[in-house]
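A.B. asks:
Numbering (my numbering), first residue to last: 318 to 810.
#1: Taking the alpha carbon of residue 736 as the reference point, which residue from 522, 372, 707, 454 has its own alpha carbon closest?
#2: Let me make sure I understand the geometry here. Which of 388, 407, 698 has the alpha-carbon closest to that of residue 401?
#3: Give every residue of the same chain whose Cβ lies closer than 6 Å to the Cβ of residue 580, excluding the five residues on either side of it in the sequence, and list them in chain order.
#4: With a CB to CB cut of under 6 Å and the five nearest residues on each side skipped, what residues in its chain are close to residue 571?
#5: On the DSSP bridge assignment, give the partners of residue 499 in chain order.
#6: For residue 320, count the other beta carbons within 10 Å of its own beta carbon; 16 or more makes it buried, fewer makes it exposed. Which is it?
#7: In chain order, what residues of the same chain lie with their CB nearer than 6 Å to the CB of residue 775, ignoring the 5 residues before and after it?
#8: For residue 760 and residue 584, I'd like the C-alpha separation in whole angstroms.
#9: Does DSSP put residue 738 in a helix, a strand or coil?
#10: Measuring alpha carbon to alpha carbon, tell me which of 395, 409, 349, 433 ends up nearest residue 416.
#11: Cβ atoms of residue 457 and residue 488: under 8 Å apart, would you say?
#12: Measuring CB to CB, does residue 331 end up less than 8 Å from residue 380?
#13: In chain order, what residues of the same chain have a beta carbon less than 6 Å from the beta carbon of residue 373, not counting five sequence neighbours either side?
#14: Looking only at its chain, what residues have a beta carbon closer than 8 Å to the beta carbon of residue 619, apart from the 5 residues adjacent to it on each side?
#15: Run through the DSSP bridge pairs and tell me what residue 791 is partnered with.
#16: Can you give me the start and stop residues for the beta strand (DSSP E) that residue 531 sits inside?
#17: Residue 704 and residue 698: beta carbons closer than 8 Å?
#18: Measuring CA to CA, which of 631, 772, 766 is closest to residue 479?
#19: Please name the residue, chosen from 500, 322, 613, 518, that lies closest to residue 676 on a Cα-to-Cα basis.
#20: Measure from the alpha carbon of residue 778 to the alpha carbon of each residue in 490, 431, 326, then state which is nearest.
#21: Apart from the five residues just before and just after residue 696, which ones in its own chain have a Cβ nearer than 6 Å to its Cβ?
#22: Rounded to a whole number of angstroms, what is the C-alpha to C-alpha distance between residue 715 and residue 603?
#23: To the nearest angstrom, report how far apart residue 462 and residue 500 are at their CA atoms.
#24: For residue 774, name the three-state secondary structure that DSSP assigns.
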């Protein structure tokens, strides 16, 4: 299996693609033959969640030996639900809870698997170098990556998060992370500054710029090994609907996905290309509505104010994974994609051809949720359904309601819930009229008293853990910081 860069004809094996993370030309690796390769999606639906994961990942990454063992090591005993991502009925819709892993966020599904893929690829490719993972995070990816990679032999990990751009709970999860091979650093700026800096590091730190015995990779969804495991939970949701008699085999199901970097929703499109009867994929944006505007107009324009919202993991203006959809929608026109990415970098804007946009709109719809609507939705769902959702899930709940009102189809709707409400207790308490006194850890306990649901085990006792990471840098210094860490004989070496 050869994976191709979205920006050229450069191709590598799937194992090499995961080790590299990003192509040398700056493009993202993708399987250009995915839609043409047959997959027994119906047989897959009859399997257990881990069986589905093995079948799906073996199809997406056929170059890996022993996928069943890798899946077992990734998930056994790490999630508090045997379903991995249980489906809960809320009113007339269904919520796919993706937050039952060790860090209470959807990234756990992929980042429990990625370290297994990286270490297996390292062995199969005969690589002796240490693999250093560079990761930018808007809140959830960082902790999930740290949890997956800490103390994994042959790896190191550097995580960058926007200073004052994540919730106190998210920050505490990262800065208390233990592990001899980890380093966490705040960046004065926003997530796009972190993400752009990491991409610059990949471009700058090659060849002689890297210490001997060291190579870089990524845990962001620019790495196909991060994206592939996310396909699994679309199948899990569809199988659950079948088991409950909510749908008949072959019925289409709409999925509403809160997204900033576009990876979570792109995984649903991959599921559709593999045969799963996916109806419309509704891209739910918060007030940073760059994806909504793109899907509506065909113009991607990052030249706008960056808004800090109560759904910080979606506060993103450069949605990296959209590049893979551009490649697929253009029929694999890597020159077109490269030109769009060049314009985005140099001019801050590009227009995608109308014909290709029509193909995108056949599968995707756009919706957005303003700040006041997000909090109002949390309150409404709690009052009407007794279900407590976080600020990101609320964006999708509002989008689902609007989408069904504007385009009624009678299909079942699955809303992807990307984080536990306990990760954002201040905003959730405010939305339901709770007492906001004290810090976020006191608020977490108060939310627990109201909701009567368990605080995720990865969040319990978080306040008492010692802070181990205190570095803060300017965005312009990120590449130099990475180089210093690579040359150091400490955490990442």
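Built from N, CA and C at the ideal position, the CB exists for glycine as well.
C.D. replies: In short, the structure shows the following:
#1: 707
#2: 388
#3: 538, 544, 638
#4: 596, 597, 728, 730
#5: 474
#6: buried
#7: 419, 420, 421
#8: 34 Å
#9: helix
#10: 395
#11: no
#12: yes
#13: 548, 549
#14: 509, 607, 634, 635, 661, 665, 666
#15: 505
#16: 531-535
#17: yes
#18: 631
#19: 613
#20: 490
#21: 748, 749
#22: 10 Å
#23: 11 Å
#24: coil
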